[in-house]
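K.L.:
Chains as they are written, first to last, in the working numbering: chain A, 1 to 290; chain B, 1 to 290.
1) Can you find a C-beta in chain A that's less than 9 Å from the C-beta of residue 10(B)?
2) So what's residue 291(A) in DSSP terms, helix, strand or just coil?
3) Identify every run of the alpha helix (DSSP H) within the region 76-158 of chain A, keeping only runs that are complete inside it and at least 4 residues long; order them along the chain.
4) Under 8 Å, with one C-beta from each stretch per pair, do the region 173-187 of chain B and the region 65-73 of chain B reach the 3-pair mark?
5) Given 8 Å as the limit, is there contact between the region 233-250 of chain A and the region 7-20 of chain B, that is, 3 or more CB pairs closer than that?
6) Compute the distance between the beta-carbons of residue 82(B) and residue 188(B), then report whether it is under 9 Å.
7) Contact defined as beta carbons within less than 8 Å: I believe residue 264(B) pairs with residue 226(B). What is the distance between those atoms, to the nearest angstrom?
8) Cα-Cα, which of 126(A), 13(A) and 46(A) is closest to residue 107(B)?
9) Would residue 209(A) pass as an interface residue toward chain B - the criterion being a Cβ-Cβ separation below 9 Å?
10) Residue 105(B) versus chain A: which residues are under 8 Å apart at the beta carbon?
11) If you run the structure through DSSP and keep just helix, strand and coil, what is residue 261(A)?
12) Tell me, which residues are paired with residue 280(A) by DSSP?
13) Using beta carbons (cut-off 9 Å, strictly below), is residue 149(A) in contact with chain B?
14) Which value, in whole angstroms, describes the spacing of the CA atoms of residue 137(B) and residue 26(B)?
15) Excluding the 5 residues flanking residue 118(A) on each side, which residues of the same chain have their C-beta closer than 8 Å to its C-beta?
16) Can you list, in chain order, the residues of its chain with a C-beta nearer than 6 Å to that of residue 314(B)? Leave out the 5 residues immediately preceding and following it.
17) Could you list which residues in chain B have their beta carbon closer than 7 Å to that of residue 118(A), in chain order?
18) Select from the region 72-96 of chain B all residues with a C-beta closer than 7 Å to any C-beta belonging to chain A, and list them in chain order.
19) Just by C-beta distance, which residues in the region 39-67 of chain B are closer than 8 Å to chain A?
20) Can you list the residues of chain A that residue 36(B) reaches, using a CB-CB cut of under 7 Å?
21) Residue 131(B) touches chain A at which residues, Cβ-Cβ below 9 Å?
22) If the criterion is Cβ atoms closer than 9 Å, does the pair residue 65(A) and residue 145(A) meet it?
23) Which residues, in order along the region 138-170 of chain B, keep a beta-carbon less than 8 Å from a beta-carbon of chain A?
24) Can you look up residue 52(A) in the DSSP assignment and give me helix, strand or coil?
25) Along the alpha helix (DSSP H) that carries residue 172(A), what are the first and last residues, could you check?
26) Residue range of the beta strand (DSSP E) that residue 226(A) falls in?
27) Got a sec? Which residues, its chain only, sit under 8 Å from residue 221(A) by beta carbon, not counting five neighbours each side?
28) Kindly say whether residue 202(A), judged by its beta-carbon, lies nearer than 9 Å to any beta-carbon of chain B.
29) Could you tell me which chain B residues have their CB closer than 7 Å to the CB of residue 113(A), listed as they occur along the chain?
30) Secondary structure at residue 287(A), three-state DSSP: helix, strand or coil?
31) For residue 109(B), go through chain A and note every residue whose CB falls closer than 7 Å to its CB, in chain order.
32) Are the CB atoms of residue 140(A) and residue 195(A) within a distance shorter than 9 Å?
33) Listing by chain order, which chain B residues have their CB less than 8 Å from the CB of residue 30(A)?
34) Once the 5 residues before and after residue 149(A) are set aside, which same chain residues still bring their CB inside 8 Å of it?
35) If you draw a straight line from the C-alpha of residue 192(B) to the C-alpha of residue 45(B), how long is it?
36) Note down the Cα distance separating residue 75(B) from residue 205(B), rounded to an integer number of angstroms.
If you want it as C-alpha cells, here you go:
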C-alpha cells in the first residue's frame with residue numbers, strides 16, 4: 001500500500017467535516033472558518049524525523065529547525081495564505097545536547113521571525129530519536145484559498161522556480177544546491193500573488209512527477225509537460241522531474257503569471273496522468289510507503 | 001535540565017506573539033482570535049511515541065489511537081473549550097501492519113465522533129518507531145477561556161474526580177483502572193461548566209503534585225492540600241498524589257462547583273509551593289526530562 005492508498009483508506013473511514021471545516025483531508029492545508037470571522041484559517045502539519053527526514057551527521061541543528069518550519073510554511077504558501085502562528089512538538093534523543101537544542105531553535109525562530117510566524121505552543125518529550133512535528137496556522141481572505149482541485153483542461157501549468165536543486169544538493173552537499181536543500185525558502189509572497197489567478201496550486205515537496213500527479217488527480221484532469229523543464233543549474237533532468245524538497249510552487253492558470261515559468265498544459269484524460277516526451281511519466285517522487 | 005527549565009529557556013528566546021495570538025507558550029492551549037470572529041480559538045498539540053508513551057505489547061492499537069486524541073481534548077477541556085477539529089501526524093514502524101493501523105484509526109475516530117471533533121488533515125511517514133502527534137483546535141466564547149494563571153489566595157482547589165486510577169491501571173492492568181489508563185474520558189462537559197466559575201484550571205496529565213505546582217507557579221501563589229484527597233478505588237495515596245494520566249480537571253474557584261471535590265486552598269507564599277500534611281510536597285509527577 002502506498003501513501004496515496006493509505007490516505008484514501010483513512011479518508012473513507014473519516015466522517016464528513018463538522019461545522020466551520022470547509023476543507024478536510026487531502027489538500028496542502030485544511031480550511032476552517034470561525035463564526036463571524038473576516039478571514040479563513042489554513043492548517044497544516046509536517047513531521048521531521050531523524051534518519052527519515054534528516055541525519056544527525058549530515059544536517060546542522062539550525063537547518064533541521066529551519067526546515068521543520070519551512071515545510072509547513074510551504075503548504076501555507078501553496079494555498080495563498082499568510083502564516084500567523086505555529087505549534088512545535090519536539091522529541092529529543094539522548095544525543096541531542098543543549099548546544100544542538102539551541103541550534104535547532106535558532107534556525108526555527110529565524111525563519112519564524114522572518115515570516116511573521118509566532119511560536120505559540122507545543123509539546124516536549126524524550127525519545128530514542130529526535131522527531132518533531134510542526135502545525136502551522138495561516139490566514140487568507142474568505143473563499144480565496146488556492147486548492148488542488150480547480151485545474152481545468154486548457155489551463156497552463158507553471159512553476160515558481162527551477163527544479164532539482166534540493167536533490168542535487170543532497171547528492172553533492174555543496175554550493176547553492178546544498179543551501180536549497182538545507183534552508184528552503186517557502187514561496188509565501190508568490191503564493192499570495194496567485195490568489196484569484198491560479199486555478200489550482202500545490203507545493204513541490206515530493207517531486208514534480210508525483211505532485212503534478214496529485215494535483216491532476218484532485219482536479220480530475222491530465223497534463224502534458226513541455227520538453228523544456230527549468231532545471232536548477234547543475235541538476236539533471238531526472239532530479240528536476242522526480243527530486244523532492246524543492247518547495248517551489250506548482251500551479252495552473254488561464255493566463256501567464258509574471259515570475260513563473262510555464263512547463264505544460266492541462267488536458268482531459270485519465271485522471272492524474274502526466275505525459276512527458278509523448279509517454280506517461282511515472283509518479284516517482286518521494287513516497288514514504290513505497 | 002528538567003522540562004520546566006527547558007520550556008523557560010524556549011520562552012525566553014521566543015519573540016512576543018504577533019497579532020491575534022492572545023496567549024502563547026506556557027498554558028494547556030494557545031489562544032488565537034481571528035479578525036472579526038465571535039469565538040476565540042484554542043490550540044494544543046500532544047505526542048504519543050512508542051516505548052515512551054505506549055508499548056506495543058501492552059497497549060491495544062485502538063487504545064493508542066483513542067489516547068492520542070484524548071490528551072489534546074483534555075487540554076481543550078481544561079480551557080473550557082469545545083473541540084472542533086484536529087490534525088493527525090502519524091509515523092508508522094515496519095511492525096505496524098494494516099490491522100494495527102485500522103485499529104488505531106478505529107479508536108481515534110470513535111473518540112473524535114463522540115466529541116464532535118473533525119479529523120481535518122495530517123501527515124504520514126515511515127519511521128523505526130510508531131509516533132504520532134495530534135493538534136486539536138477548540139472554540140470558546142471570546143475572553144472566556146480558562147487559564148492557569150488566575151488563582152488567588154483564598155480560592156478553593158478542586159478536582160473533577162478521584163485520582164490515581166490511571167497509575168493503578170498501569171500497575172495492575174485490570175478492571176476500571178486499566179480502562180481509565182487506556183481510554184481516558186476528557187472532561188469536556190465539565191470544563192465548559194467551569195467557564196465564569198473557575199479562576200484557574202489545568203488538566204491532570206502528569207500528576208497532582210506536578211500539575212498543581214505548575215498552576216500555582218503560573219498564578220504566583222502557593223497551595224495547601226487537605227488531608228483527604230479523593231483516591232480512585234484500590235489506588236494508593238502515592239498514586240493519587242503523583243500518578244500521571246488521570247486527565248481529570250484541577251481548578252480553583254471562589255465558590256463550590258457541583259460535581260467537583262474540594263481538596264485544598266490557595267494561599268500566599270513561595271510561588272508554586274504545595275503543602276501537604278504540614279510539609280512541602282515535591283512535584284514528583286511525570287517529567288520527561290528528569
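Every residue, glycine too, gets a C-beta built ideally from N, C-alpha and C.
P.N.:
Short version:
1) Counting from one through the second chain, the residue named residue 10(B) turns up at place 10. Chain A, which has a Cβ nearer than 9 Å to the Cβ of residue 10(B), makes this yes.
2) It is not possible to answer for residue 291(A), since the shown part of chain A is limited to 1 through 290.
3) 98-115
4) yes
5) no
6) Within the second chain, numbered from 1, the residue matching residue 82(B) stands at position 82. Within the second chain, numbered from 1, the residue matching residue 188(B) stands at position 188. Cβ atoms of residue 82(B) and residue 188(B): closer than 9 Å.
7) Walking along the second chain from the start, residue 264(B) turns up at place 264. Walking along the second chain from the start, residue 226(B) turns up at place 226. Indeed they touch by this definition, with Cβ atoms about 5 Å apart.
8) Looking up residue 107(B) in the second chain gives position 107. It is 13(A) whose Cα lies nearest to the Cα of residue 107(B).
9) Residue numbering aside, residue 209(A) sits at position 209 when the first chain is read from its first letter. So no, residue 209(A) is outside the interface.
10) Start at 1 with the first residue of the second chain, and residue 105(B) comes out as number 105. 10 and 13, listed in chain order.
11) Looking up residue 261(A) in the first chain gives position 261. Strand at residue 261(A).
12) Here the question's residue 280(A) lines up with position 280 in the first chain. BP columns for residue 280(A) point to 275(A).
13) Within the first chain, the letter at position 149 stands for residue 149(A). No - not a single Cβ of chain B is within 9 Å of the one on residue 149(A).
14) To locate residue 137(B), count along the second chain from 1; it is residue 137. To locate residue 26(B), count along the second chain from 1; it is residue 26. Cα-Cα distance, rounded: 17 Å.
15) Against the first chain, residue 118(A) aligns to sequence position 118. Around residue 118(A): 84, 85, 86 and 112.
16) Nothing can be reported for residue 314(B): it is not among the residues displayed for chain B, which extend from 1 to 290.
17) Start at 1 with the first residue of the first chain, and residue 118(A) comes out as number 118. Within 7 Å Cβ-Cβ: 17, 18, 21 and 24.
18) 84, 85, 87, 89 and 91
19) 39, 41, 43, 44, 45, 46, 47, 49, 51, 52 and 53
20) Stepping through the second chain from its first residue, residue 36(B) is reached at position 36. Correct list: 36, 37 and 38.
21) Taking the second chain and counting its residues from 1, the one referred to as residue 131(B) is at position 131. Correct list: 47, 49, 91, 127, 129, 131 and 133.
22) On the first chain, residue 65(A) is found 65 positions in, with the first residue counted as 1. On the first chain, residue 145(A) is found 145 positions in, with the first residue counted as 1. No, they are not a contact pair.
23) 139
24) In the first chain, counting from the first residue as 1, residue 52(A) sits at position 52. Note: residue 52(A) maps to coil in three-state DSSP.
25) Position 172 of the first chain holds residue 172(A). 165-172 is the span of the alpha helix (DSSP H), which, as asked, contains residue 172(A).
26) Numbered from 1 along the first chain, position 226 holds the residue referred to as residue 226(A). Careful: residue 226(A) lies outside any beta strand (DSSP E) and carries neither H nor E.
27) One-based indexing of the first chain puts residue 221(A) at position 221. So the qualifying residues of the chain are 151, 152, 153, 266, 267, 268, 269 and 271.
28) Here residue 202(A) is taken as the residue at index 202 of the first chain, counted from 1. Closer than 9 Å: no.
29) Taking the first residue of the first chain as position 1, residue 113(A) is located at position 113. Chain B residues near residue 113(A): 15.
30) Counted from its first residue, the first chain places residue 287(A) at position 287. Reduced to three states, the DSSP call for residue 287(A) is coil.
31) Here the question's residue 109(B) lines up with position 109 in the second chain. The answer, in chain order, is 13 and 14.
32) Numbered from its first residue, the first chain carries residue 195(A) at position 195. Numbered from its first residue, the first chain carries residue 140(A) at position 140. For residue 195(A) and residue 140(A), yes; Cβs fall inside 9 Å.
33) Walking along the first chain from the start, residue 30(A) turns up at place 30. Result: 85, 87, 120 and 121.
34) Taking the first residue of the first chain as 1, we reach residue 149(A) at position 149. For residue 149(A), where only same-chain residues beyond five positions count, the Cβ hits under 8 Å are 27, 200, 218, 219 and 220.
35) Here the question's residue 192(B) lines up with position 192 in the second chain. Here the question's residue 45(B) lines up with position 45 in the second chain. If you take the alpha carbons of residue 192(B) and residue 45(B), they lie about 20 Å apart.
36) Indexing the second chain from 1 puts residue 75(B) at position 75. Indexing the second chain from 1 puts residue 205(B) at position 205. Each residue's Cα considered, the two are about 9 Å apart.
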